[in-house]
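Numbering (the numbering used here), first residue to last: -5 to 218.
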């Protein structure tokens, strides 16, 4: 799969209708992303970064245009897309979205169990990832007992439990202080080197963006 395009978008647009007002968020975006690339997506608030990530992650559909992710398009049935997302795309968000009643390792295990793995196999995979994110001593702590940086590390491990081809992170440092945020980005980049997944990260921070192999800049719903 080396150097093949894993994500292709062709003139995608996204409109929302609020009352009688049509709001155009994406205005015709065509991008190709190769296997193993590290991509930063930058732009001011309201530029369309999150919408773009949701569409290339097949969590949302464009109003017009075509999205293809490793050959799967947004026109597939939602059940097929849900299975594909679970198995092939990892997601990390600004807010960690951990289940507070579960421990760190249980949160990491969840996507593997949803995909049909046994508890034993899921736990083994989760323990390996938790070791890699340097949280072995916090394995059995509830997510509510973890710091923000620790919770984001758990969210990253959870996103990688099914060995996805693609990791999409939407402002993963947005809820963290600068030092912790830098550590999180460095961790994600190190994991990308280890596992060779394609990485797309949205950020406001141009210094963070420079750490990636390529930058896509969005302004007013357009690539500039």
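Beta carbons: idealized from backbone N, C-alpha and C, even for Gly.
Item                                                                                                               : Value
Three-pair Cβ contact test at 8 Å for the stretch 155 to 165 versus the stretch 73 to 85                           : yes
Residue 101 (DSSP reduced to helix, strand or coil)                                                                : helix
Proximity to residue 216 [Cα-Cα], best of 8, -2, 2 and 0                                                           : 8
Outcome for residue 58 when other beta-carbon atoms lying within 10 angstroms are tallied against a minimum of 16  : exposed
Residue 122 versus residue 98: straight-line alpha-carbon distance, rounded                                        : 13 Å
Cβ pair residue 145, residue 137 closer than 8 Å                                                                   : yes
Whole-angstrom distance between residue 214 and residue 185, CA atom to CA atom                                    : 32 Å
Sufficient close CB pairs (3 or more, under 8 Å) joining the stretch 170 to 179 to the stretch 8 to 27             : no
Nearest-angstrom Cα separation, counted from residue 44 out to residue 87                                          : 10 Å
Top-ranked residue by Cα proximity to residue 164, from 53, 85 and 30                                              : 85
Bridge partners - residue 9, DSSP secondary structure assignment                                                   : 18
As assigned by DSSP and simplified to three states, the class of residue 163                                       : strand
Sequence-distant residues of the same chain with beta carbon closer than 6 Å to residue 55, five excluded per side : 68
Continuous alpha helix (DSSP H) stretch holding residue 118: start and end                                         : 113 to 126
Where residue 46 falls: helix, strand or coil (DSSP)                                                               : helix
Buried versus exposed call for residue 74 [16 or more other C-beta atoms within 10 Å across all chains shown]      : exposed
Three-way DSSP call (helix, strand, coil) for residue 143 in this model                                            : helix
Cβ contact (3+ pairs, closer than 8 Å) linking the stretch 192 to 199 and the stretch 90 to 109                    : no
Residue 84: first and last residue of the uninterrupted beta strand (DSSP E) it sits in                            : 83 to 87
Whole-angstrom distance between residue 203 and residue 106, CA atom to CA atom                                    : 31 Å
Residue range of the unbroken alpha helix (DSSP H) whose run includes residue 205                                  : No alpha helix (DSSP H) holds residue 205; DSSP gives it neither H nor E.
Cβ-based burial, residue 34 [other Cβ within 10 Å; buried from 16]                                                 : buried
Residue 3 in three-state terms, based on DSSP                                                                      : strand
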